[in-house]
Amino acid sequence: MFYYLFTTLIPNYHETPLRLLDYVTFRAGAALVTSFFLAVLFGPLTVRLLKRLNAMAPSRLEGLVEAEFTHHEKDKTPSMGGLLIVASILVSSCLWGRLDNRLLLIFLGTAAAFCGLGFWDDFAKVALKRRDGIPGRVKLICQFVIAFIALYFYSHTPGAGETFRQLCVPFVKQPVWPMMPIVIAYLFGMFVVVGSSNAVNLTDGKDGLAVGCTIFCVLTYGAFAYMASHKVFAEHLDLNYIAGASEIVVLAASVAGACIGFLWHNCYPASMFMGDTGSLALGGIIGLIAVLVNQEILLILVGGVFVMEIVSVMIQVASFKLTGKRVFLCTPIHHHFEKKGWTETQIVVRFWILAGMLALFGLATLKLR
């Protein structure tokens, strides 16, 4: 919005300091700062409004056999704080992004859709007193529908959709599968987006845990999007050139800024939780960026903490159903470490350290090709 406002209204725009708006790096930095301050400034108001809704924090162990392992002292902490995160992302991205960019609009629409689904789930727990929210099968179907719609519009975007059917692997210069069948491409893309969305949701079990790890992950993929949007960098680093991906850098910066701002209120002891309203949206954005830059496999490394959380649940449930025994003391795995005697602060900070190291390793793959 600012880009069009200044370029349209100011004569000789390119001869003024405002020409900095031509550079995506400047707008990305401005978007990060804007979303940060929006989240910090409107945080107290959000907490008050959510408390009026009597928004009780949803169970951190939704649908698992360890559901009795809860923190009752947090029962009065309101959930649905993800509304603050997504609102900050949308406002900041619209202010500093170029709204004629089709990719940016697809991402903003996807974030809003996942946020709406998460809000529906959280609201069902609060207003309708349904302990598990909306049925898990219904939520999963909705996630796949949202992912399919996003991927459909992306795959039909001129200059970007050409790489949709390519499968790239870290450390390998050329795509290992240059032209996947379109059905497989859609199924794989939906699996990545929905899996990422649910993985972040499961990680959201300690104050600041999921949102802190998201910052590292989204900034890493923002760097990949920037490199992929620049022809020279993309060619030098053996990345697929994605026309228009530069505006996703603005979005990624907005996400990082909103998460940092939300962390101001969500760090221990949290004044609010983001709930499914925020976690589904953040995970969906991360997964969709991974698909955009053809680095879906790399998400296993960059989002290693999220993968560790969701895999621990899968192993636990499978083991319990097949053998009646549990592999971990409690899942998601951050609860296992809590059972082992780690404090909440130790769990969160150590997982942040792990997320940061994995993010650096992910960036290192840019040159190890």
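Just so we're on the same page, my numbering is the position in the sequence shown counted from 1, plus 746. All C-beta atoms, glycine included, are put in the ideal place defined by N, C-alpha and C.
- For the beta strand (DSSP E) assignment, the stretch 863–923 encloses no uninterrupted run of at least 3 residues.
- With contact defined as three or more Cβ pairs closer than 8 Å, the stretch 1044–1051 and the stretch 999–1008 are not in contact.
- Excluding its 5 nearest sequence neighbours in each direction, residue 781 has C-beta neighbours in its own chain below 7 Å: 834, 835, 838, 1000, 1003, 1004 and 1007, listed in chain order.
- As the crow flies, the alpha-carbon of residue 868 is around 35 Å from that of residue 913.
- Short of 7 Å from the beta carbon of residue 1053, and not among the five residues preceding or following it, lie these beta carbons of its own chain, in chain order: 945 and 1046.
- Straight-line spacing of the CA atoms in residue 970 and residue 879 works out to 36 Å.
- Here the stretch 822–829 lies against the stretch 790–797, with 3 or more beta-carbon pairs under 8 Å apart.
- The beta carbon of residue 890 sits closer than 7 Å to the beta carbons of 936 and 940 from its chain, once the five residues preceding and following it are set aside; these are given in chain order.
- Nearest to residue 943 by alpha-carbon distance, out of 931, 902 and 1033, is 1033.
- Listed in chain order, the non-local C-beta contacts of residue 956 below 7 Å within the same chain comprise 946, 949, 950 and 1025, local neighbours out to five positions each way being set aside.
- With at least 16 other beta carbons inside 10 angstroms of its own, residue 871 counts as buried.
- Residue 764 and residue 907 have their C-alpha atoms spaced approximately 32 Å apart.
- Beyond the five residues adjoining it in sequence on each side, residue 1021 comes within less than 7 Å, by CB distance, of 804, 825, 826, 827, 828, 864 and 868 in the same chain, given in chain order.
- The Cβ-Cβ distance between residue 843 and residue 773 falls below 9 Å.
- Fewer than three Cβ pairs drawn from the stretch 916–931 and the stretch 953–967 lie within less than 8 Å of each other, which leaves the two stretches out of contact.
- Distance between residue 1028 and residue 960, taken at the CA atoms: about 7 Å.
- Here residue 984 carries a coil assignment [DSSP, helix/strand/coil].
- Here the alpha carbon of residue 996 sits roughly 27 Å from the alpha carbon of residue 921.
- Residue 1108 and residue 977 have their C-alpha atoms roughly 21 Å apart.
- With fewer than 16 other beta carbons inside 10 angstroms of its own, residue 902 counts as exposed.
- Distance between residue 1050 and residue 962, taken at the CA atoms: about 11 Å.
- Taking C-alpha positions only, residue 881 is separated from residue 888 by approximately 11 Å.
- Residue 1017 sits in coil when the DSSP states are folded into three classes, being neither helix nor strand.
- In the DSSP assignment, residue 1069 falls within the unbroken alpha helix (DSSP H) covering 1050–1069.
- Secondary structure at residue 847: coil, using DSSP grouped into helix, strand and coil.
- Taken through DSSP and simplified to helix, strand or coil, residue 1092 comes out as helix.
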